[in-house]
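Below you'll find the structure, written out as structure tokens, and then a few comments.
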Amino acid sequence: MAEPENKLDQQQLETSADTPLIESVSEDVSAEVGEFMEQAAQQNEAAAEAVPDIKNRPGPYISFEHVYKSFGEFVVLEDVSFYVLPGETLCILGRSGVGKSVSLQMLLGFLKADKGVIKVAGDNICGYTERELQDVRRKVTMVFQNGALFDSITVGENVAFPMRERGEMAEDQILQVVKGLLEMVGVAGMENLLPSDLSTGMKRSIAIARALAAQPEAVLYDEPTTMVDPLMAHLLGNLIERLKQQLHLTSIVVTHDMRLAKKLADRVVFLHAGKAIFFGTMEEMERSPDPILQEFLTLDELVVPA
Ligand SMILES: Nc1ncnc2c1ncn2[C@@H]1O[C@H](COP(=O)(O)OP(=O)(O)OP(=O)(O)O)[C@@H](O)[C@H]1O
Ligand SMILES: [Mg+2]
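So the working numbering is basically just the index in the sequence shown, starting at one, shifted up by 18.
Right, here's the structure in full:
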């Protein structure tokens with residue numbers, strides 16, 4: 019049985035956003051993993067270039083434009099708009115039940131908007147067929163709260179899954195990249211464990227490794243730091259920051275964790291009672307006199323002392 023949190027070593031704690039991801043990878047696999055990461059970074063830069071410009075400036079990689087969503091009579095989103103530029107990170111904030119997870123599911127086409135436009139990589143996905151949505155899900159990967167790992171196969175097989183599915187790599191290359199990705203996300207050597215042997219934080223780290231194995235253009239994280247201890251939250255936050263800076267990954271992070279939002283967000287959108295009542299930078303949000311935003315910020319300080 020693994021005791022993950024105890025295995026975090028000093029080196030992991032000392033990593034900062036500037037520490038190259040490849041430094042976490044052991045020498046025997048670093049060439050293969052380096053090439054894999056380089057490929058991902060180049061692909062993400064190309065994806066950013068491919069997004070259509072708006073008024074001669076890079077357009078959003080992802081956008082919600084006047085989106086509405088109800089379940090029966092129950093209105094979840096009402097005229098919600100926000101965007102994420104390529105390579106940037108958007109944090110979606112708001113109380114429980116405001117539609118944060120629903121927004122992520124709509125982005126991947128698991129739920130349909132009633133009205134409005136949702137764009138991914140410049141294209142409106144709202145009328146997409148299931149097959150077209152599968153292409154979207156290849157470009158945009160979700161890291162679920164519980165990891166959503168396949169329970170009956172090992173950690174290594176989980177991480178290898180997207181690479182085997184694509185069928186472009188030789189088996190020994192896949193095994194090397196699996197080893198390197200696990201080292202990179204701080205769970206080295208766990209290949210042969212089953213997801214049920216792991217803590218929540220480890221499952222989430224492995225879910226991130228599996229997401230990276232798919233070489234996505236964007237990653238959606240649903241509450242990446244909830245239900246783990248502060249140390250693990252710090253490590254996951256650092257990892258997300260390094261992926262953003264070093265792989266130029268476009269990201270959306272749903273979170274209640276204001277420290278995480280401050281660290282990661284280029285922009286935040288605050289959902290409240292069906293509306294996006296704020297969309298801007300974290301500094302702008304902190305300066306806003308809006309009592310709802312101020313209450314959220316104050317409550318957060320009570321729950322999570324700085
Ligand atoms: N498939 C569904 N059918 C009916 N109602 C749903 C469905 N999915 C979500 N809802 C409702 O939509 C609302 C928004 O849910 P959502 O999961 O997006 O909240 P959230 O902002 O992610 O909250 P939390 O912070 O607790 O995760 C909730 O009231 C939820 O019960
Ligand atoms: Mg949610």
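Quick reminder that beta carbons are idealized off the backbone N, C-alpha and C, glycines included.
Note that the coordinates shown come from a computational prediction; the quantities given were computed from them, not determined experimentally.
Status (buried if at least 16 other CB within 10 Å, exposed otherwise) for residue i
i: Ile171; result: exposed
i: Thr273; result: buried
i: Leu289; result: buried
i: Arg222; result: buried
i: His84; result: exposed
i: Pro213; result: buried
i: Gly198; result: buried
i: Gly204; result: buried
i: Asp275; result: buried
i: Lys73; result: exposed
i: Ala64; result: exposed
i: Gly185; result: exposed
i: Ala294; result: buried
i: Arg260; result: buried
i: Thr11; result: Residue 11 lies beyond the stretch modelled for the chain, which goes from 19 to 324, so this question has no answer here.
i: Ala139; result: buried
i: Phe92; result: exposed
Short CB-CB distance (under 7 Å) between residue i and chain C
i: Ser99; result: You won't find chain C in this structure, because it holds only one protein chain.
Near ligand 2: residue i beta-carbon under 6 Å from a heavy atom
i: Lys87; result: no
i: Ser119; result: yes
Proximal residues to residue i (C-beta, below 6 Å), its chain only, five neighbours per side dropped
i: Gln163; result: Asp240, Glu241
i: Met181; result: Met187, Ile192, Ala231
i: Glu106; result: Asp284
i: Ala10; result: Nothing can be reported for residue 10, as the shown portion of the chain is limited to 19 through 324.
i: Phe54; result: Val195
i: Ala227; result: Val177, Leu199, Leu200, Val203
i: Phe168; result: Asn176
CB-CB length for residue i against residue j, believed under 8 Å
i: Pro38; j: Lys157; result: Not quite, the Cβ-Cβ distance comes to about 25 Å (not below 8 Å), so this is no contact.
i: Leu254; j: Gly219; result: 7 Å
i: Gly298; j: Glu96; result: Not confirmed; about 20 Å, so no contact.
i: Leu151; j: Gly127; result: 4 Å
i: Leu122; j: Met160; result: 6 Å
i: Ala225; j: Ala178; result: Their Cβ separation, rounded to whole angstroms, is 14 Å, which puts Ala225 and Ala178 out of contact at 8 Å.
i: Val287; j: Gln194; result: Actually they are not in contact, since the Cβ atoms of Val287 and Gln194 sit about 39 Å apart, beyond 8 Å.
i: Leu238; j: Asn62; result: 15 Å between Cβ atoms; not a contact.
i: Phe296; j: Leu311; result: 6 Å
i: Asp141; j: Tyr86; result: With 8 Å as the limit, Asp141 and Tyr86 do not qualify as a contact, their Cβ atoms being about 20 Å apart.
i: Ile136; j: Leu129; result: In fact, because the Cβ distance is near 10 Å, the residues do not count as touching under 8 Å.
Near ligand 1: residue i beta-carbon under 6 Å from a heavy atom
i: Gly115; result: yes
i: Val205; result: no
i: Val287; result: no
i: Val98; result: no
i: Val271; result: no
i: Val94; result: yes
Close-in-space but distant-in-sequence residues of the same chain around residue i (CB under 8 Å, 5 per side omitted)
i: Arg113; result: His290, Phe314
i: Tyr146; result: Gly127, Val154
Sequence-distant residues of the same chain with beta carbon closer than 7 Å to residue i, five excluded per side
i: Ala279; result: Cys109, Leu111, Thr273, Val286, Met300
i: Ser42; result: Glu201, Met202
i: Ala236; result: Tyr79, Ile80, Lys157, Val158, Leu267, Thr268, Ser269
>> Measuring CB atoms only, is the stretch 245 to 253 touching the stretch 67 to 82, in the sense that at least three cross pairs come out at less than 8 Å?
In response: no
>> Does the contact criterion of 3 or more C-beta pairs under 8 Å hold for the stretch 194 to 213 versus the stretch 172 to 179?
In response: yes
>> Under 8 Å: do the stretch 112 to 122 and the stretch 56 to 66 share three or more Cβ pairs, one atom per stretch?
In response: no
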